[in-house]
Structures are given as C-alpha cells and as structure tokens.
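Visitor: Line by line, the protein sequences are chains A and B.
To convert a position in the first sequence, counted from 1, into the numbering used here, add 93.
To convert a position in the second sequence, counted from 1, into the numbering used here, add 457.
Glycine residues also receive a C-beta, built at the ideal position from the N, C-alpha and C atoms.
All of these numbers come straight from a predicted model, not from anything done at the bench.
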Amino acid sequence: SQTIHQWPATLVQPVGSPLSLECTVEGTSNPNLYWYRQAAGRGLQLLFYSVGIGQISSEVPQNLSASRPQDRQFILSSKKLLLSDSGFYLCAWSVRQHYQPQHFGDGTRLSIL
Amino acid sequence: SQQGEEDPQALSIQEGENATMNCSYKTSINNLQWYRQNSGRGLVHLILIRSNEREKHSGRLRVTLDTSKKSSSLLITASRAADTASYFCATDTLGADKLIFGTGTRLQVFP
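Listed below in structure tokens is the structure:
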C-alpha cells in the first residue's frame, strides 16, 4: 500500500531563517506531487506541483521554492522566511491520471517568530 | 484564484440529523471531489464524481453534481459526532494536473 511521510510535524523558526520541509511517498512510482499551504480556518492554496523529477510548476510567486530530486521526494524550501510564511503546509500525491484522488500527508505546522 | 466556494461556512447540527454542504465553481471540470479534514490533520478523500455523473453514493454520503449550474452538494445522512470536521470540495479542471480547492465548510455535530 502507498504511504506518504511529511516532516517535521511542527516547526518554529525565526524570521529570516532558512526552511526545508520534506515529503516522501512509498509504494508507488511516477506520482504527481503537490505542496499546499493552509492559513488558519481557510482553504488550501496550491504552492507547487510536480509531474516528474526536476519538473516544478509554481502557482504563487513568493520566497518559497520546491525541488524534486528523486521520483518520490518533494522538498519545500526558503532561503529567508517571512512572518507571512506561517501556516499549515501539506504535501500530497496522486496517480498520474485523471479521475484520481489526492492523498495527503499529516502536514507541518510552521510558526514564524 | 479560488475555484470552489462552499456554503455554509459553518454548520452545527445534532447527532442523527442530516448535513448538507454546497459547492459552486467557475469553469468546466473533469470531475469534482470532496475531502474531509479533521482539525490539525491532512485531508482525506471521500468521494469523486465525474462531470458526466449526476449523483453518487458512498455509505452515508450522497453527492450530486449539476454542471449546468456549476454546483455540487454533499449530504451526510444520520450524522455522528465523529463526522465533526471541515469538508472541502475540489475541482479537477480540464487540461490541468492539479485540483483547486474550495474554502470549506466546518461541520460540528453535537452528541
């Protein structure tokens, strides 16, 4: 069966510090991968998605970046965090076909001080 | 931009009652999906309805889709306290590899 791992679960970082959130998927090959951000009590904002190694589509211009160094690994990074980067970050994967659901990790709660 | 908008934003009911949530969207879709999110957790897929389907059932869930009105509804029958969560619709738009999520409905079911 397929599983998705996302870590860390919580993170407290000072403004201006770097960020690296990691997401890995097991039990499937060539998945589509997604990074979302969710503000408190709000819907999901798609940040990045990837349909293959090294292929990243950015949805929102900001100081975040994403990389996919391996087929089942998706990394969200920042060189300098802003206060506005606080939120709940969710990674998800899906089979690369239409009419398929997305499967989510348990998220990372990021607080910027 | 947000594709789906749900209403109501929040809903409080008693156990045993039915809960209905509505979703409206703006562009043509391949399918529409509903997800559930418990507080502080990731989303869990509930049900997918294709653009050529009008109604779909899964256990106590019933989803309808009206593509002429660009709207969908999720009905949870005989609700339980454990159904307390936020519910989101998401649209899979034509030609895209991504879902666009709505703003969500927060459902509270009181025992």
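Report all residues from its chain with a CB closer than 7 Å to the CB of Thr521(B); omit the five preceding and five following residues, and keep chain order.
Guide: Closer than 7 Å at Cβ, skipping near neighbours: Arg511, Glu512, Ser529, Ser530.
Visitor: Measuring only between beta-carbons, confirm whether Ser458(B) sits less than 7 Å from chain A.
Guide: Low per-residue confidence applies at Ser458(B): pLDDT is 44, beneath 50, and the placement is therefore not dependable, though the value from the model is reported in the following sentence. Ser458(B) does not count as touching chain A.
Visitor: Could you check if His196(A) is buried or exposed, using at least 16 other CB atoms within 10 Å of its CB as the buried criterion?
Guide: Answer is buried; the Cβ neighbour count reaches 16.
Visitor: Using C-beta distances below 8 Å, list every residue in its chain close to Asp199(A), excluding the 5 sequence neighbours before and after it, in chain order.
Guide: Result list for Asp199(A): Gln99, Ala102, in chain order.
Visitor: Please name the residue, chosen from Thr541(B), Ser508(B), Asp523(B), that lies closest to Arg563(B) on a Cα-to-Cα basis.
Guide: Ranking the options by Cα distance to Arg563(B), first place goes to Thr541(B).
Visitor: Cα-Cα, which of Tyr127(A), Ser177(A), Gly134(A) is closest to Phe167(A)?
Guide: Looking at the Cα atoms, Tyr127(A) is the closest of the given residues.
Visitor: What are the residues in the region 478-494 of chain B lying within 9 Å of chain A by C-beta distance?
Guide: Here the close residues are Asn487, Asn488, Gln490, Tyr492, Gln494.
Visitor: Note down, in chain order, each residue of its chain lying with its Cβ closer than 7 Å to the Cβ of Ser177(A), except the 5 sequence neighbours on either side.
Guide: If we look at Ser177(A) and ignore the five residues flanking it on each side, it has no Cβ neighbours.
Visitor: Looking at Trp491(B) and the ligand SAM, is the gap between the Cβ and the nearest heavy atom below 6 Å?
Guide: This structure does not include the ligand SAM; it has no bound ligands of any sort.
Visitor: Can you tell me whether Ala535(B) is buried or exposed, with buried defined as 16 or more other CB within 10 angstroms of its CB?
Guide: Exposed: under 16 other Cβ atoms inside 10 Å.
Visitor: Compile a chain-ordered list of the residues in the region 183-206 of chain A whose CB is closer than 9 Å to at least one CB of chain C.
Guide: Considering every chain present, this structure includes no chain C. Its protein chains are A and B.
Visitor: Does DSSP put Ser204(A) in a helix, in a strand, or in coil?
Guide: Ser204(A): strand per DSSP, three-state reduction.
Visitor: Pick helix, strand or coil for Leu531(B), following the three-state DSSP scheme.
Guide: Leu531(B): strand per DSSP, three-state reduction.
Visitor: Within the chosen definition, does the region 486-493 of chain B reach the region 466-477 of chain B through at least 3 CB pairs nearer than 8 Å?
Guide: No: the two stretches stay apart, fewer than three of their Cβ pairs being nearer than 8 Å.
Visitor: Using a 10 Å radius around the Cβ and a threshold of 16 neighbouring Cβ atoms, would you call Val501(B) buried or exposed?
Guide: With fewer than 16 other Cβ atoms within 10 Å, it is exposed.
Visitor: Helix, strand or coil: how does DSSP classify Ser481(B) here?
Guide: Ser481(B): strand per DSSP, three-state reduction.
Visitor: Out of curiosity, what's the CA-to-CA distance linking Gly561(B) and Pro194(A)?
Guide: Spanning the two alpha carbons is a distance of roughly 17 Å.
Visitor: Return the CA-CA distance between Trp186(A) and Phe567(B), expressed in angstroms with no decimal places.
Guide: Looking at the two C-alpha atoms, the distance is approximately 33 Å.
Visitor: For Ile533(B), which residues in the same chain have their Cβ closer than 7 Å to its Cβ, ignoring the five residues on either side in sequence?
Guide: Cβ within range, chain order: Asn475, Ala476, Arg517, Leu518, Asp540.
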